[in-house]
Amino acid sequence: MRGEPRTMLRDTTLSTPELEWRRLPRAEAQDHCTCGGCGRRPLIGETVHQFGTKVVCDLCRHRRRQSPDSSHRVRHAEFGASVRILSKAA
Numbered sequence: 375m376r377g378e379p380r381t382m383l384r385d386t387t388l389s390t391p392e393l394e395w396r397r398l399p400r401a402e403a404q405d406h407c408t409c410g411g412c413g414r415r416p417l418i419g420e421t422v423h424q425f426g427t428k429v430v431c432d433l434c435r436h437r438r439r440q441s442p443d444s445s446h447r448v449r450h451a452e453f454g455a456s457v458r459i460l461s462k463a464a
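Note that the numbering used here gives residue 443 to position 69 of the sequence shown, counting from 1, and the numbers run on in steps of one.
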């Protein structure tokens with residue numbers, strides 16, 4: 375942002391408590407799934423595995439001998455909220 379005074383840039387920044395407040399609604403809306411093995415929250419894009427009622431991260435999967443009931447990737451909380459073009463208009 376060339377040409378703008380540095381004081382203008384400082385005025386537009388948010389304080390840490392305000393940033394935390396703005397993140398709160400999204401954080402509460404997310405699925406708070408934790409690994410049944412290590413207790414950590416899987417990262418976006420990481421594969422998690424379902425063993426009955428437990429969800430296990432990819433790092434803890436090797437501790438179980440049976441194959442998982444299902445596996446899927448962790449998606450961002452806003453997945454599906456974006457606009458998709460299904461077909462081109464004529």
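Just so it is clear, CB atoms sit at the ideal spot from N, CA and C, and this is done for glycine as well.
query: Nearest-angstrom Cα separation, counted from R437 out to H450; result: 27 Å
query: Reduced DSSP category for H436 - H, G, I as helix; E, B as strand; rest coil; result: helix
query: Closest Cα partner of V448 within the set P442, C431 and Q440; result: C431
query: 8 Å contact criterion, which T421 and S445 should meet: CB distance rounded; result: 6 Å
query: Opening and closing residue of the beta strand (DSSP E) in which C431 lies; result: K428 to C431
query: Length of the line joining the Cα atoms of R439 and G419; result: 24 Å
query: Close beta carbons around A401, own chain, < 8 Å, minus the five adjacent residues each side; result: Reliability of the predicted coordinates at A401 is poor, the pLDDT of 46 falling under 50, and no value is obtained from them.
query: Buried/exposed call for C409, threshold 16 Cβ in 10 Å; result: buried
query: Cβ of T427 within 8 Å of any chain D Cβ; result: Checking the listed chains, one finds no chain D in this structure; it contains a single protein chain.
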